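J.: Chains as they are written, first to last, in my numbering: chain B, 1 to 355; chain E, 1001 to 1355.
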């Protein structure tokens, strides 16, 4: 069924409110999840309510968190997320980083004691809307990436996002996990009865695992690049870079060392804004980025009909399509969300398709 | 032959001086190249003199450049490299970024109108020595990475480096190209008579190329990840991120759009410093990073005898070995350097081995 975005938003609002979250958390979380669903980043949209319910049930999520700026220097600050959802503290951090960039040319805010915050690209794009470059990294509560030469997951799928403003094109928006493939892709292969390509996942001995059931049972992903031969050590280094910026700098938990008796996930984020006008004459950055994007798109493709794209293109296209025709939610997800709404006593808003 | 670092330094000094470079350029370039040779980053050591001679001969390198800070705001600045070698302006930028980080918590300096600057990790490590996180990116004069779905190289092997200070361990130093493999690895395979792994290089139609001769003839590298299936679009996005920070932000050239009648290469760099004390109590960042590093090294390896490492470990080990026993230079390189010294009338300093 194709559901209008406004109904997804109502559903997220109702569920979060029924769980006891306050208006500021509800607004920030709904913004972030609907943003992802409109852009076909389905793993980071309304489906996340099912994960957040798990966190609530296991005591990993406080519904009335104290979110506070606990340290504020010239171009930097630290936000404590109060063990609540990550969206509100990350929005606060993005806006504060943007203010600092407007004042100093550059601003960075680290968030500690946070939780899942949806898609990193949402916060990067929020800074790009203000004419700034936005760079966002985050740790993940669950280690999934196995280091080069290792057998045990030590790093989350640690995403990195960059959004940059343009004049005549849509903004550049890169949002990538530093694993080769997402857990979601393993699930898709399993549902389709397909083997995994060698290089996505590992078995408990650190060898390539191509059976999707076995891979999902142990959840050991390769860093971007896959094997050592294909540059997996670079992806491992990059996932570590994201971990250092997100947790070591903010004072959040490095997940493998998080105390086992502590239910709070203590996820960390890093949000940085750069004002291009601190480096270039006004408009020159946007013009040059437009030229770069145009040159990429005009470069000769391997197959006619599949032009070269730049980061953000598929999501912009999905946004235009889904803003008009609604967001396709499959029956399995709709049933899960209906049951979830019933469990918390929230009304169900997803029965009505786009006319 | 194993040559003491001090002789490599003398050789670099003599050649650059014979070419007409001034003392500031000679010192910065020698520092950067010897740093790489001591760490077994052989592609970015004294061998680069052969590349720099080509640049001189084709008129792409000014030996008495005017290096200047052309824009200086609170936490940001822009340096013009004057079309000289990149090492001096990049050292200036790293030191200025560090000063700004000490004042504002964060500092970033973009360099335009520059040239090859050696290993990005050298500048990141220079900032880490001052107790700061150093992040460095650079464009490359020659496009080599083919974008996802494309057939033509549009991006350099665009490196990204992060160095971070520690207390009881050696510093974390990541320095990685955003291509799957370096051109140097293609040359090694050719010399060894080995086929390339599918996923390193492409033919002119955008299909995998495994013949090293054919691959070296067209020099079309995949972005980190290789094929689309193995996440090559992420490496492409990352190489573009590096390009945007290095050239669009600094005002340097995006190589595919550089005017053909312009001999200057107009390479761009981006150097950023972050003061961990702006985010954490003094010492806490270093302690937590040490814990992270220790946990990685202690995690179970796939093979006994090959422990999990962190970025910088192989280079630190090489540094200790080569500081004592000298730097192994093969006869082919020694002969090339001897001929180069003769061409510019510089004395030859590399005949003497470590006793």
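Quick reminder that beta carbons are idealized off the backbone N, C-alpha and C, glycines included. Note that the coordinates shown come from a computational prediction; the quantities given were computed from them, not determined experimentally.
Could you tell me which chain B residues have their CB closer than 8 Å to the CB of residue 1229(E), listed as they occur along the chain?
T.: Going along chain B in sequence order, the residues near residue 1229(E) (Cβ under 8 Å) are 197.
J.: Measure how close the beta-carbons of residue 1110(E) and residue 1270(E) come, nearest whole angstrom, since I'm counting them as under 8 Å.
T.: Indeed they touch by this definition, with Cβ atoms about 5 Å apart.
J.: Quick one: which unbroken alpha helix (DSSP H) runs of 4-plus residues sit fully inside the region 154 to 200 of chain B? Chain order, please.
T.: 183 to 191, all fully within the region 154 to 200 of chain B.
J.: When you compare only the Cα positions, how much space is there between residue 276(B) and residue 202(B)?
T.: Their backbone Cα atoms lie some 42 Å apart in a straight line.
J.: Given that a residue counts as buried once 16 or more other Cβ atoms are within 10 Å of its Cβ, and exposed if not, what is residue 6(B)?
T.: It is exposed - the Cβ of residue 6(B) has fewer than 16 other Cβ atoms within 10 Å.
J.: Taking the alpha-carbon of residue 72(B) as reference, which of 152(B), 107(B) and 113(B) has the nearest alpha-carbon?
T.: Residue 72(B) has its Cα closest to that of 107(B), out of 152(B), 107(B) and 113(B).
J.: Out of 123(B), 353(B), 310(B) and 163(B), point me to the one whose CA is closest to residue 294(B)'s CA.
T.: When only C-alpha atoms are compared, the closest one is 310(B).
J.: If we ignore side chains and look at the alpha-carbon of each, how far apart do residue 1283(E) and residue 223(B) end up?
T.: The straight-line gap from Cα to Cα measures roughly 30 Å.
J.: In chain B, which residues lie less than 9 Å from residue 1315(E) when you measure between Cβ atoms?
T.: The premise fails here: residue 1315(E) is roughly 12 Å from chain B at the closest Cβ pair, so nothing lies under 9 Å.
J.: Pop quiz: residue 1205(E) and residue 304(B) are said to be a contact at Cβ under 8 Å. What is the actual Cβ separation, rounded to whole angstroms?
T.: With 8 Å as the limit, residue 1205(E) and residue 304(B) do not qualify as a contact, their Cβ atoms being about 12 Å apart.
J.: To which residues does DSSP link residue 328(B) through a beta bridge?
T.: Paired residue(s): 2(B).
J.: Count the other CB atoms, across all protein chains shown, that sit within 10 Å of the CB of residue 1209(E); report buried if there are 16 or more and exposed otherwise.
T.: Looking at its Cβ environment, which holds 16 or more other Cβ atoms inside 10 Å, residue 1209(E) is buried.
J.: So residue 400(B) and residue 267(B) are supposed to be a Cβ contact under 8 Å. How far apart are they, rounded?
T.: The displayed coordinates of chain B run from 1 to 355. Any statement about residue 400(B) would go beyond what the structure contains.
J.: Hey, residue 61(B) and residue 85(B): beta-carbon distance below 8 Å or not?
T.: Contact flag set, yes.
J.: Anything in the region 1290 to 1323 of chain E with a Cβ closer than 8 Å to a Cβ of chain B? List those residues in chain order, please.
T.: Those residues of the region 1290 to 1323 of chain E that come within reach of chain B (Cβ to Cβ, closer than 8 Å) are 1291, 1292, 1295, 1296, 1299, 1300, 1301, 1302, 1303, 1306, 1307, 1308, 1309, 1310 and 1311.
J.: Quick check on residue 57(B): buried or exposed, where buried means 16 or more other Cβ atoms within 10 Å of its Cβ?
T.: Exposed, by the Cβ-count rule.
J.: Considering just the uninterrupted stretch of the alpha helix (DSSP H) at residue 25(B), what are its terminal residues?
T.: Segment 23 to 38, the alpha helix (DSSP H) holding residue 25(B).
J.: Any contact between the region 21 to 28 of chain B and the region 84 to 99 of chain B? By contact I mean 3 or more CB pairs, one from each, below 8 Å.
T.: The region 21 to 28 of chain B vs the region 84 to 99 of chain B: in contact.
J.: To be precise: take each residue of the region 115 to 134 of chain B, compare its Cβ to all Cβ atoms of chain E, and keep it if any distance is under 7 Å. Which residues remain?
T.: Against chain E - using a Cβ distance shorter than 7 Å - the region 115 to 134 of chain B contributes no residues.
J.: What in chain E is Cβ-close to residue 243(B), meaning under 9 Å?
T.: Result: 1292.
J.: If the criterion is Cβ atoms closer than 8 Å, does the pair residue 1175(E) and residue 1124(E) meet it?
T.: The answer is yes: Cβ separation under 8 Å.
J.: Look at residue 1076(E) and residue 105(B) and say whether their C-beta atoms are less than 8 Å apart.
T.: For residue 1076(E) and residue 105(B), yes; Cβs fall inside 8 Å.
J.: What is the rounded straight-line gap between the Cα of residue 1091(E) and the Cα of residue 159(B)?
T.: One C-alpha to the other measures close to 30 Å.
J.: Suppose only complete runs of 3+ residues qualify. What are the beta strand (DSSP E) ranges in the region 38 to 97 of chain B, listed by chain order?
T.: Entirely contained in the region 38 to 97 of chain B, the beta strand (DSSP E) runs reaching 3 residues are, in chain order, 68 to 72 and 76 to 80.
J.: Between the region 1213 to 1230 of chain E and the region 1177 to 1196 of chain E, are three or more C-beta pairs nearer than 8 Å?
T.: Touching, per the Cβ criterion.
J.: Closer than 8 Å by beta-carbon distance: list the chain B residues that pair up with residue 1208(E), in chain order.
T.: The contacting residues do not exist; residue 1208(E) stays about 11 Å from chain B at best.
J.: Measure the CB-CB distance between residue 1067(E) and residue 1079(E) and report whether it falls below 8 Å.
T.: Their beta carbons are under 8 Å apart, which means residue 1067(E) touches residue 1079(E) by this criterion.
J.: From which residue to which residue does the beta strand (DSSP E) around residue 270(B) run?
T.: Element bounds for residue 270(B): 267 to 274.
J.: Could you tell me which of 257(B), 150(B), 140(B) and 97(B) sits nearest to residue 126(B), measuring between CA atoms?
T.: The candidate whose alpha carbon is nearest that of residue 126(B) is 97(B).
J.: So which residues of chain E does residue 42(B) contact, with C-beta pairs closer than 9 Å?
T.: Result: empty, since nearest Cβ-Cβ is about 17 Å, beyond 9 Å.
J.: Taking the beta carbon of residue 199(B) as the centre, do at least 16 other beta carbons fall within 10 Å, making it buried, or is it exposed?
T.: By the 10 Å Cβ count, residue 199(B) comes out buried.
J.: Run down chain E in chain order and give the residues with a C-beta less than 8 Å from the C-beta of residue 288(B).
T.: Here the neighbours are 1247, 1248, 1251 and 1254.
J.: Rounded to whole angstroms, what's the CA-CA distance from residue 291(B) to residue 1248(E)? Just pull it up for me.
T.: Cα to Cα, residue 291(B) sits roughly 10 Å from residue 1248(E).
J.: How would you list, in chain order, the residues of chain B whose beta-carbon sits under 8 Å from the beta-carbon of residue 1273(E)?
T.: In chain order: nothing, as chain B lies at least about 10 Å away.
J.: Run through DSSP, which three-state label would residue 1250(E) get?
T.: Residue 1250(E): coil per DSSP, three-state reduction.
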